[in-house]
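According to this note's numbering, the stretch in the sequence shown is residues 4 to 119, in order. One structure below.
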Amino acid sequence: GKQSSTVELHEILFRRRAPRNKTRKDYSAMVQSRNYTIAADTTKSLRPASPEPEPRRPKKVPRRMEPKITNVLSVADPTRNQTKYRYRIIIGNTSKYAPPASSADRSTHKWLLYVR
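Structural data, given as structure tokens:
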């Protein structure tokens with residue numbers, strides 16, 4: 004009696020709250036990528052075996068292509084209402100005069116690239 008009502012109350016209170024460290028959905032697993040592995044000793048080429056004969060007129064290139072259903076990535080959960088963060092990143096560089104170590108080394112300055 005008492006324990007089941009506590010569980011129900013707990014579910015009612017914390018029903019809508021999502022965990023803070025919620026794992027992000029890995030979309031790269033949904034996109035199918037193909038890896039081609041070729042043995043080093045075999046003399047294979049990725050090019051087609053027989054080149055197609057050149058037509059007299061060049062092939063027409065369409066101005067606009069309709070999206071194919073196979074290329075569209077469908078997302079199950081909506082990705083809105085996420086907290087977005089904005090960071091200001093400063094990239095700069097400074098130089099310092101350094102006398103050349105040898106006559107072959109013609110550099111006169113040492114450069115430092117920094118990110119804040």
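We put the beta carbon where it would ideally sit given N, CA and C, even for glycine. Owing to the predicted nature of the structure, the values given are computational and were not obtained by experimental measurement.
Please determine, among L115, K63, Y100, T86, the residue with the shortest C-alpha to C-alpha distance to I94. L115
Between T63 and T97, what straight-line distance do the alpha-carbon atoms span, to the nearest angstrom? Reading off the sequence shown, one finds Lys at residue 63, where the question assumed Thr. So the alpha carbons of these two residues sit roughly 52 Å apart.
Thinking A104 and K113 are a contact (beta carbons under 8 Å), I'd like their distance in whole angstroms, please. Actually they are not in contact, since the Cβ atoms of A104 and K113 sit about 11 Å apart, beyond 8 Å.
Of the residues Q85, K71, I15, D108, which one's Cα is nearest the Cα of T26? Q85
Residue interval of the beta strand (DSSP E) (run including I94): 94-100
According to DSSP, V118 sits in a beta bridge with which residue or residues? I94
Chain D within 7 Å of T73, Cβ atoms only: Here chain D cannot be found, since the structure has a single protein chain.
What does K113 pair with, by DSSP beta-bridge criteria? K99
From E11 to I92, what distance separates their C-alpha atoms? 47 Å
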